[in-house]
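In this note's numbering, the protein residues as written are 645 to 1106.
No residue lacks a Cβ here, since even glycine has one placed at the ideal position from N, Cα and C.
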């Protein structure tokens, strides 16, 4: 697959470590075969749940803001030198501007009339303790303004060996945080006021508005990272947490509480072949878990992780209900969005997108600057990926900009597919082979699955 991010650990990463051309071809064929396999089985409701499925839990009126993946980086860890520049060259996030962007989001949301705020993970660059403390300090401004904040961890946030500071040509380790320390730092933002906490993860239950329960799910694999702390991109809901969440959802039915879910990893595919090319951005067994949530009456899941502003829906038959995966893009990746969700007494949810349009130093040109930054960064990453596939450097200038345009289009949401998705003239035979295998990914990024992504209304009465 074409990897367009800093390479974190993945249980599938052996597919990308192929040295020879025939080995690469075999890996590409394996990706196609894996893409046909599907994930997980169908959830079968218990007799207890079947007896409760007819119970209707109306949503109370509520208004809340959502943002994700702020990836706060403390500038005190270094913003100059070759080591830091090397990191930026292999990344596409606005890390130097991350503090300023979070401040801008806090200012904008602070000016809104909202009941609470959701943050869907990856609060820090790589789990640096000082960055967590900085993020918590900024979130406290919202809490002090009477807007409770509820956070969940992302794959970058806990026990991360890539928590580093940069001095000249050196990168040096700095303290990261454990799961317990994460919950301690963010105690004011969900953990201290939780109605219930899962003893096996950082998942918890809260009631931000009377009658509305928030099931905050920890979908990260920090416990598998071992002593080295190599971060794992994949997501998973472990069996004890599945049992805990089902008990919570049954309890919600019995008490007449409507439920929304927040988690870092996706639970519905966001473009065709999402699982095949970037399965680590979906929670393991996502189809089964989506069926489980839908069967318990959940209709909206707020996610992050891939940095795209994208909404997808899947209808399950247990009974027939539609589950919406509302992914919010990253504050440090164009278009730097956040969302405002309004649930009315008529059981309709309005989901509106808003964007950071100016920061200090870029008062008039920030949107252009941010888009150009991710576009150019993606070209560099695409060049690196093509090099690993042994594509001739002479062919990179034809392919990498097309890959970057597709990716940037997907990040913004409401994609419009161009007449030609991936084309190149006068390239070598091996380049054509790679293009053929990767075309599904580029076409997928240009495909806007239903519903629309940025401004929509969801009927919760169905």
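Residue i versus the options, residue with shortest Cα-Cα distance
{"i": "residue 925", "options": "685, 906, 880", "result": "880"}
{"i": "residue 789", "options": "751, 970, 1021", "result": "751"}
{"i": "residue 805", "options": "949, 756, 818, 1035", "result": "818"}
{"i": "residue 743", "options": "719, 723, 735, 1010", "result": "719"}
{"i": "residue 846", "options": "929, 865, 948, 1089", "result": "865"}
{"i": "residue 942", "options": "803, 957, 841", "result": "957"}
{"i": "residue 862", "options": "855, 883, 856", "result": "883"}
{"i": "residue 887", "options": "1106, 759, 687, 1033", "result": "687"}
{"i": "residue 918", "options": "900, 1016, 896, 952", "result": "952"}
{"i": "residue 697", "options": "704, 703, 689", "result": "689"}
{"i": "residue 731", "options": "815, 1009, 715, 755", "result": "815"}
Straight-line gap, residue i to residue j (C-alpha atoms, nearest Å)
{"i": "residue 1071", "j": "residue 1039", "result": "6 Å"}
{"i": "residue 967", "j": "residue 844", "result": "26 Å"}
{"i": "residue 970", "j": "residue 694", "result": "27 Å"}
{"i": "residue 722", "j": "residue 757", "result": "37 Å"}
{"i": "residue 1052", "j": "residue 1019", "result": "6 Å"}
{"i": "residue 707", "j": "residue 1000", "result": "20 Å"}
{"i": "residue 893", "j": "residue 800", "result": "28 Å"}
{"i": "residue 858", "j": "residue 998", "result": "22 Å"}
{"i": "residue 1003", "j": "residue 779", "result": "17 Å"}
{"i": "residue 740", "j": "residue 717", "result": "7 Å"}
{"i": "residue 812", "j": "residue 829", "result": "30 Å"}
{"i": "residue 682", "j": "residue 773", "result": "Since pLDDT at residue 682 reaches only 43, below the 50 mark, its modelled position is unreliable, and the value read off the structure follows with that caveat. If I take the Cα positions, the gap works out to 38 Å."}
{"i": "residue 1006", "j": "residue 726", "result": "25 Å"}
{"i": "residue 738", "j": "residue 984", "result": "23 Å"}
Residues that DSSP places opposite residue i in a beta bridge
{"i": "residue 857", "result": "903"}
{"i": "residue 981", "result": "999"}
{"i": "residue 1006", "result": "1003"}
{"i": "residue 810", "result": "815"}
{"i": "residue 945", "result": "905, 969"}
{"i": "residue 959", "result": "966"}
Residue environment, residue i, which counts as buried when at least 16 other CB atoms sit within 10 Å
{"i": "residue 807", "result": "buried"}
{"i": "residue 1093", "result": "buried"}
{"i": "residue 699", "result": "exposed"}
{"i": "residue 1036", "result": "exposed"}
{"i": "residue 712", "result": "buried"}
{"i": "residue 761", "result": "buried"}
{"i": "residue 981", "result": "buried"}
{"i": "residue 923", "result": "buried"}
{"i": "residue 990", "result": "exposed"}
Practice task
Answer yes if the segment 1054-1066 comes into contact with the segment 1094-1105, meaning at least three C-beta pairs across the two stretches below 8 Å, and no otherwise.
Solution key: yes
Handout entry: the segment 993-1001 in contact with the segment 931-941 per 3-pair CB rule at 8 Å
Key = no
Handout entry: Contact the segment 831-844 vs the segment 780-790: 3+ CB pairs below 8 Å
Key = In this structure the segment 831-844 touches the segment 780-790; the number of beta carbon pairs closer than 8 Å is three or more.
Practice task
Determine, using beta-carbon pairs with one atom in the segment 1075-1087 and one in the segment 960-980, whether at least three such pairs fall under 8 Å.
Solution key: no
Practice task
Would you be able to state if there are at least three C-beta pairs under 8 Å between the segment 764-774 and the segment 787-799?
Solution key: As far as the Cβ criterion goes, the segment 787-799 touches the segment 764-774, which means the pair count is three or higher.
Exercise for the section: Report yes or no: do three or more beta-carbon pairs, one from the segment 1020-1037 and one from the segment 739-756, lie closer than 8 Å? Expected result: No, because fewer than three Cβ pairs between the segment 1020-1037 and the segment 739-756 fall closer than 8 Å, the two stretches do not touch.
Handout entry: At least 3 beta-carbon pairs within less than 8 Å: the segment 954-971 vs the segment 1042-1053
Key = no
Handout entry: Segment contact, 8 Å Cβ cut-off, at least three pairs: the segment 903-910 with the segment 946-955
Key = yes
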